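As structure tokens, then:
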């Protein structure tokens, strides 16, 4: 080969491109991709050839085959390249001398390692790329190939492509350290890459699924490192629990440079929106590790131009727009290669025997081979020990696991106990947290007084703590991670350990009972110390989201410690405000059962728990159950402590909310008319409990149709909450939403929309786009827009609100049903009548299952259904249903309630339609009279009744009176709503008005 360097530029048409074949170990794919990209930009043709080196093929033959590759062969030298097989350095030296030395011009090499390599590698004359920048590395590669280096012009095109391997992505968080012993899995990694990159935009979701211990997490981590140069954002999330997933996803906001406040919901919304739009980064990768329950988080999986990689034991991710890739145990050759890398002293035959005994399960191979390498025990003796069982002196594990697991783990734990006994103590402590990421920093942050003697040294002595952690890491029992994804955690920090689910189960299954009780008490104290104490403060929701997953494993419900019990109550309160109703109800049920057994049926803590549990139950619509629970509590507390006892007043307030859900509004009004002044007298008018009672009194007035009284109370409550709390406090936002609803119900549509628009924006910022309170605010904004004439905007928003309600709280939740009612009514008038009918029938069926017979919501939805039947031509059926709705609503709430007046407007229209013109006119005349008395002459419902009555008068051919009534109504419509308002225009066109029932869920 001539020593003259050849310049490289763009090749002209018809000119054959120079070819370079890059030979690389899969571990170094990022280097190969970057080098290939830089060469292609200079006009070269690049062929990528991954070096596999199957052990059954002699190394000399493999190198000779490589020399047959097209063009110059560029070898990426690394310790990985030489370890594949695995091969000894002696084998490599002999093969390099035999194949490469006679014709070194066929080969070139670059080095991407600082590790020792075979001495004969010198024949390849590699240039070093380690510790260089991208420009210098590119120059060295180009010149090593004998080409002239000229810097490429900086264009937008040149700035794309794979990133320089030594440069991290712009955003990088939570990714486990790279496993330098990772082995095999090449076909799986390649298939994963092609599945993600062949996906349509917005659909790049792939799930690695398989049994515990097969290495799903390790495979995902290797995918990240191998392909990270193609992403600008890489974010790893422990997705075992919804609350943890939401918290870590929200932590991405500042990393993306998003301008948000400190509120949890604001950050979560901003992150999902930024990922969806691909701004500021479109090349993003999210890894959701341990997502075994798709139903818990699928609605929060981001869409957009990036990719999502999920690890799970659950193949049901395939039902949630994810592609699936099953991860099996190791192939035998992978097992052998891994064992020999993990335990170099073992022969290939030894490795094969061990793999057979441990069933090729990667997790068990890793842990067993690690300590076998440090042990004098032969593989034959170890397998005999497995086959023969274990004696009483070694640590035992549960018989629930296969025999190989039981015995292998017994041996390993016994080894740990002999060397660093504190490492077993730390491991056992970890099993009282949830598996996955263990926030062991909480153990170091808690007060260290009164610790069990066995744990005092471990938690007080940093050297002993680090020694225990390092011993567990050495045998791959745990993985050390920093939970602060932006921090550089050293081995000494111990902020977070990753403990595999299978290891967690095995270690926890059997330990001395004395240790179990002492260790669980320590973890309970650590969690209680971490309790922020203010569950309504959205800025602290991150902390609660971290704590909640560990409550079950620390058996906090079995503790009689008051601080631990307060932690449970605060977590329930957090779950209520965060909208985590299903999980909260499950925790509340278990707590009630456990505390009644632990504390007694009527312990004061039981009443605290009942209050929080009932809030969650009521939020899910289980009114009869909550009414029974809270009425019992009210009666008991009144008998034991008197009616002015604060616990009794709190329980009575909850009972009033249950009466709302049961449609017993008069009883609720009587209760709150007593409750509010009682609170005021005891605590003063500015106490939060007094304001809650005042708000509830106002809401009861709304349910009874006293819209002006309700609005006045809402205004007072809002002003006081803004003054005493802050404008963006969830309770202040809730009062503002209620005030906007009141304005809309009184026909003050422009005012309502203005206030509600602001409220929606701030609710999204504070609590997140999918929080139930935010969705309630958006629902009202959609109705404000609809009443204001923006039908297109209202329709789109109603559809989005309903879809998000169904995803977040389910299709039977009271708020979901209210949104479904609105959507059905909109579809009836402005969409698909068949869709409207199907939706209306579904909502009616769900209300009939959820609510007691005779409930006003059932009557109202039947009235809506009658309007659909009218529009599809089923007049007689519609008439019967409308009359039934009117009768049932009158019975439920009285003849002067706005809902009854609305049902009467619809029933009069159906009477007119079936030929009962006299009955129609009589009903509409009576409706006008009652509406004027209860709502006023110019209320929108009264105006609708007046326009309807004019139509009925025309049906009786009383034209003169009809004209008079109509003109007066039109004049009032113009004065109240405006000449161009949709209702005014519709009345002027003599379109008969109809009324849509709107439920007000509690």
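In this note's numbering, the protein residues as written are 33 to 1034.
We put the CB at the ideal spot given by N, CA and C, even for glycine.
Quick caveat, the model's predicted, so the values are computed rather than measured.
I believe residue i touches residue j by the beta-carbon criterion, under 8 Å. Please report the beta-carbon distance rounded to the nearest angstrom.
{"i": "residue 913", "j": "residue 898", "result": "4 Å"}
{"i": "residue 338", "j": "residue 300", "result": "At roughly 17 Å, the Cβ-Cβ gap does not stay under 8 Å, so residue 338 and residue 300 are not in contact."}
{"i": "residue 586", "j": "residue 559", "result": "6 Å"}
{"i": "residue 143", "j": "residue 98", "result": "Their Cβ separation, rounded to whole angstroms, is 17 Å, which puts residue 143 and residue 98 out of contact at 8 Å."}
{"i": "residue 661", "j": "residue 646", "result": "6 Å"}
For residue i, count the other beta carbons within 10 Å of its own beta carbon; 16 or more makes it buried, fewer makes it exposed. Which is it?
{"i": "residue 758", "result": "exposed"}
{"i": "residue 865", "result": "exposed"}
{"i": "residue 366", "result": "buried"}
{"i": "residue 931", "result": "buried"}
{"i": "residue 618", "result": "exposed"}
{"i": "residue 597", "result": "buried"}
{"i": "residue 354", "result": "buried"}
{"i": "residue 253", "result": "buried"}
{"i": "residue 1027", "result": "buried"}
{"i": "residue 996", "result": "exposed"}
{"i": "residue 546", "result": "exposed"}
{"i": "residue 89", "result": "exposed"}
Just how far apart, CA to CA, sit residue i and residue j?
{"i": "residue 423", "j": "residue 57", "result": "Unreliable placement is indicated for residue 423, whose pLDDT of 42 sits below 50; the coordinate value is still reported in the next sentence. Between residue 423 and residue 57, the C-alpha separation is close to 45 Å."}
{"i": "residue 525", "j": "residue 595", "result": "In this prediction, residue 525 scores a pLDDT of 39, lower than 50, which makes its location untrustworthy; the coordinate-derived value is nonetheless stated afterwards. Taking the straight line from one Cα to the other gives about 27 Å."}
{"i": "residue 497", "j": "residue 469", "result": "18 Å"}
{"i": "residue 1018", "j": "residue 288", "result": "49 Å"}
{"i": "residue 915", "j": "residue 963", "result": "18 Å"}
{"i": "residue 692", "j": "residue 568", "result": "24 Å"}
{"i": "residue 987", "j": "residue 666", "result": "56 Å"}
{"i": "residue 983", "j": "residue 994", "result": "7 Å"}
{"i": "residue 79", "j": "residue 136", "result": "19 Å"}
{"i": "residue 521", "j": "residue 578", "result": "Bear in mind that the predicted position of residue 521 carries a pLDDT of just 34, short of 50, making it unreliable; the figure below should be weighed with that in mind. Using only the alpha carbons, I get a separation of about 19 Å."}
{"i": "residue 811", "j": "residue 629", "result": "43 Å"}
{"i": "residue 426", "j": "residue 543", "result": "Bear in mind that the predicted position of residue 426 carries a pLDDT of just 41, short of 50, making it unreliable; the figure below should be weighed with that in mind. Those two C-alpha atoms are separated by around 12 Å."}
{"i": "residue 434", "j": "residue 119", "result": "At residue 434, the pLDDT of 47 sits below 50, so the modelled position is not reliable; the number obtained from the coordinates is stated separately. Answer to the nearest angstrom: the Cα atoms are 34 Å apart."}
{"i": "residue 844", "j": "residue 268", "result": "33 Å"}
{"i": "residue 563", "j": "residue 276", "result": "15 Å"}
{"i": "residue 515", "j": "residue 846", "result": "For residue 515, the pLDDT reaches just 44, beneath the cut-off of 50, and the residue's location in the model is therefore unreliable, leaving the point undetermined."}
{"i": "residue 633", "j": "residue 676", "result": "22 Å"}
{"i": "residue 456", "j": "residue 499", "result": "12 Å"}
{"i": "residue 895", "j": "residue 802", "result": "30 Å"}
{"i": "residue 651", "j": "residue 807", "result": "14 Å"}
{"i": "residue 363", "j": "residue 214", "result": "14 Å"}
{"i": "residue 784", "j": "residue 773", "result": "7 Å"}
Please work out which residues of its chain come closer than 7 Å, Cβ to Cβ, to residue i, disregarding the five sequence neighbours upstream and downstream, and give them in chain order.
{"i": "residue 1020", "result": "1002"}
{"i": "residue 1036", "result": "Nothing in the structure corresponds to residue 1036, since the chain is present only between 33 and 1034."}
{"i": "residue 789", "result": "813"}
{"i": "residue 71", "result": "52, 78"}
{"i": "residue 519", "result": "The predicted position of residue 519 is uncertain, since its pLDDT is 34 and thus under 50; no value can be drawn from it."}
{"i": "residue 968", "result": "974"}
Quick one: what's got a C-beta closer than 6 Å to residue i's C-beta in the same chain, skipping five residues either side?
{"i": "residue 1030", "result": "none"}
{"i": "residue 195", "result": "261"}
{"i": "residue 550", "result": "484"}
{"i": "residue 911", "result": "942, 946"}
{"i": "residue 121", "result": "150"}
{"i": "residue 855", "result": "830, 834"}
{"i": "residue 479", "result": "none"}
{"i": "residue 952", "result": "940, 943, 944, 984"}
{"i": "residue 314", "result": "337"}
Which residues in the same chain as residue i place their Cβ atom closer than 8 Å to its Cβ, once the five residues preceding and following it in sequence are excluded?
{"i": "residue 778", "result": "739, 740, 743, 971"}
{"i": "residue 959", "result": "933, 936, 937, 940, 977, 980, 981"}
May I ask you to check if the CB of residue i is nearer than 8 Å to at least one heavy atom of the ligand FAD?
{"i": "residue 945", "result": "Although the ligand FAD was asked about, the structure shown includes no ligands whatsoever."}
Practice task
Just list the alpha helix (DSSP H) runs in the stretch 626 to 688, keeping only unbroken ones of 4 residues or longer that don't cross its boundaries, in chain order.
Solution key: Within the stretch 626 to 688, the alpha helix (DSSP H) runs of at least 4 residues that lie entirely inside it are, in chain order, 636 to 651, 655 to 673.
Exercise for the section: Enumerate, from N- to C-terminal direction, the unbroken beta strand (DSSP E) stretches of 3 or more residues contained entirely within the stretch 108 to 168. Expected result: Runs of the beta strand (DSSP E) inside the stretch 108 to 168: 139 to 143.
Exercise for the section: Return the chain-ordered ranges of every alpha helix (DSSP H) run that is complete within the stretch 218 to 270 and spans a minimum of 4 residues. Expected result: Qualifying alpha helix (DSSP H) stretches, in chain order: 218 to 229, 248 to 259.
Problem - Whole runs of the beta strand (DSSP E) within the stretch 347 to 402, excluding any shorter than 3 residues - result: Qualifying beta strand (DSSP E) stretches, in chain order: 355 to 358.
Practice task
Write down every uninterrupted run of the alpha helix (DSSP H) in the stretch 751 to 799 whose length is 4 residues or greater and which is fully enclosed by it, in chain order.
Solution key: Runs found: 762 to 777, 781 to 799.
Exercise for the section: Please list the segments of the alpha helix (DSSP H) lying wholly inside the stretch 887 to 959, counting only runs of 4 or more residues, in order along the chain. Expected result: Taken in chain order, the complete alpha helix (DSSP H) segments of 4 residues or longer contained in the stretch 887 to 959 are 888 to 903, 907 to 925, 930 to 945.
Practice task
Let me know the alpha helix (DSSP H) ranges lying completely inside the stretch 529 to 613, each 4 residues or longer, listed in chain order.
Solution key: If we require 4 residues or more, the alpha helix (DSSP H) runs fully inside the stretch 529 to 613 come out as 533 to 541, 545 to 561, 573 to 579, 594 to 609.
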